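*Asks:* One structure, pasted below without further comment.
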Ligand code: CDP
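In the numbering used here, the protein residues as written are 268 to 506.
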């Protein structure tokens, strides 16, 4: 049940303000690439392995390597224990993350191979798919996987009549007690500013939608700076 107009954010943030971010590259020395991305209380880890020869052989593509993404929340990442293993939600997020990242990686130089990206969420406070994508993009760059451009991701949305950036769990679901706010995860490419992924859960008018896209692009520019800084500073952290 909504409590009236959403004029002041629970966290005290401005409507277009992202949560405090931090990023680190090279967190798993044995991996080909790895990174962590944190926004507020949401933390994502991404590990990249590959390119490696793809088995079974009939799945191989002689023209290009393929990207495989697996997303999962750790059992105690939220207050209710999450059952380990895949579920409908994690399968969906793995698939959409794979689509978004496949649009920027170029595996044509690695035929018959696979690049695996493992995204894990040790702590969740909404926005985990976008935090996972931010970490995954850094981990792919760290692994030296050819990329046409980077990607940065953010959740934007609408609470009552108010447009907001980077919803936390309270704003995403608790504020409306089950009904849910309008939640729009967006992935923006770094150079061409194309939208590599857009999902929409809830209702929004076309003018409001256009405004949220502008807010998302601005937030993604800020996120890109944090990602690039972390990539320059491999092994260190950027807060
Ligand atoms: O995390 P994201 O916003 O990408 O996806 P969501 O499905 O909209 O989930 C929003 C939030 O709900 C998650 O980030 C978690 O904080 C929470 N959640 C949960 O408490 N239990 C679950 N089984 C799934 C999500």
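From the three backbone atoms N, C-alpha and C, an ideal C-beta is built for every residue, glycine too.
For clarity, every value in this text was computed on a predicted model and none was experimentally measured.
Which first and last residues belong to the alpha helix (DSSP H) in which residue 408 is found?
*Replies:* From DSSP, the alpha helix (DSSP H) with residue 408 extends over 395-409.
*Asks:* Nearest to residue 507 by CA position, among 325, 495, 412 and 339, is which residue?
*Replies:* Residue 507 is absent from the model: the chain starts at 268 and stops at 506.
*Asks:* Where does residue 268 fall in DSSP's three states?
*Replies:* Model confidence at residue 268 stands at a pLDDT of 42, short of 50, so the residue's coordinates are unreliable; what they give is reported in the following sentence. Reduced to three states, the DSSP call for residue 268 is coil.
*Asks:* Starting from the N-terminal side, write out each stretch of the beta strand (DSSP E) that is 3 residues or longer and does not extend beyond the segment 280-345.
*Replies:* Listed in chain order, the complete beta strand (DSSP E) runs (minimum 3 residues) inside the segment 280-345 are 288-292, 300-306, 309-320 and 333-340.
*Asks:* Taking the beta strand (DSSP E) that residue 385 belongs to, which residues open and close that run?
*Replies:* Looking at the DSSP string, the run of the beta strand (DSSP E) that includes residue 385 is 380-390.
*Asks:* Throw me the rounded Cβ distance for the residue 406 and residue 315 pair, which I believe falls under 8 Å.
*Replies:* Sure, about 5 Å apart at Cβ, within 8 Å.
*Asks:* Would you list, in sequence order, the uninterrupted beta strand (DSSP E) runs of no fewer than 3 residues that lie entirely inside the segment 416-465?
*Replies:* You should have 418-426, 429-432, 449-456 and 462-465.
*Asks:* Helix, strand or coil: how does DSSP classify residue 371 here?
*Replies:* It is coil, neither helix nor strand.
*Asks:* Leaving out the 5 sequence neighbours to the left and right, which residues in its chain are closer than 7 Å to residue 399 when beta-carbon positions are compared?
*Replies:* If we look at residue 399 and ignore the five residues flanking it on each side, its Cβ neighbours are 311, 313, 338, 364, 386 and 388.
*Asks:* Count the other C-beta atoms from every protein chain shown that fall within 10 angstroms of the C-beta of residue 304, then say buried if there are 16 or more, exposed otherwise.
*Replies:* Its Cβ being crowded by 16 or more others within 10 Å, residue 304 is buried.
*Asks:* Pull up the distance between the alpha-carbon of residue 325 and that of residue 374, whole angstroms please.
*Replies:* Each residue's Cα considered, the two are about 18 Å apart.
*Asks:* How would you label residue 330, buried or exposed, when you count the other beta carbons within 10 angstroms and need 16 or more for buried?
*Replies:* Counting Cβ neighbours within 10 Å, residue 330 comes out exposed, since fewer than 16 surround it.
*Asks:* In this structure, what does DSSP give as the bridge partners for residue 468?
*Replies:* The partner list for residue 468 (beta bridge, DSSP) reads 450.
*Asks:* Sorted by chain position, which residues of the same chain lie with C-beta nearer than 7 Å to residue 298's C-beta, five sequence neighbours on each side aside?
*Replies:* Cβ neighbours of residue 298 beyond the five flanking positions: 314, 315 and 316.
*Asks:* For residue 414, list the residues DSSP reports as bridge partners.
*Replies:* Note: residue 414 sits in a beta bridge opposite 372.
*Asks:* May I have the straight-line CA-CA distance separating residue 307 from residue 381, to the nearest angstrom?
*Replies:* Those two C-alpha atoms are separated by around 33 Å.
*Asks:* Starting from the C-beta of residue 482, find all residues in its chain whose C-beta is less than 6 Å away, skip the five residues before and the five after it, and write them out in chain order.
*Replies:* Contacts found: 283, 423 and 432.
*Asks:* Using three-state DSSP, classify residue 377 as helix, strand or coil.
*Replies:* Residue state, collapsed to three classes: coil.
*Asks:* For a test of the three-state rule: what should DSSP assign to residue 349, helix, strand or coil?
*Replies:* Coil at residue 349, not helix or strand.
*Asks:* Given the structure, does residue 452 come close to the ligand CDP, in the sense that its CB is under 7 Å from one of the ligand's heavy atoms?
*Replies:* Yes, since a heavy atom of the ligand CDP falls inside the 7 Å radius drawn around the Cβ of residue 452.
*Asks:* Cα separation between residue 268 and residue 442?
*Replies:* Model confidence at residue 268 stands at a pLDDT of 42, short of 50, so the residue's coordinates are unreliable and nothing is read from them.
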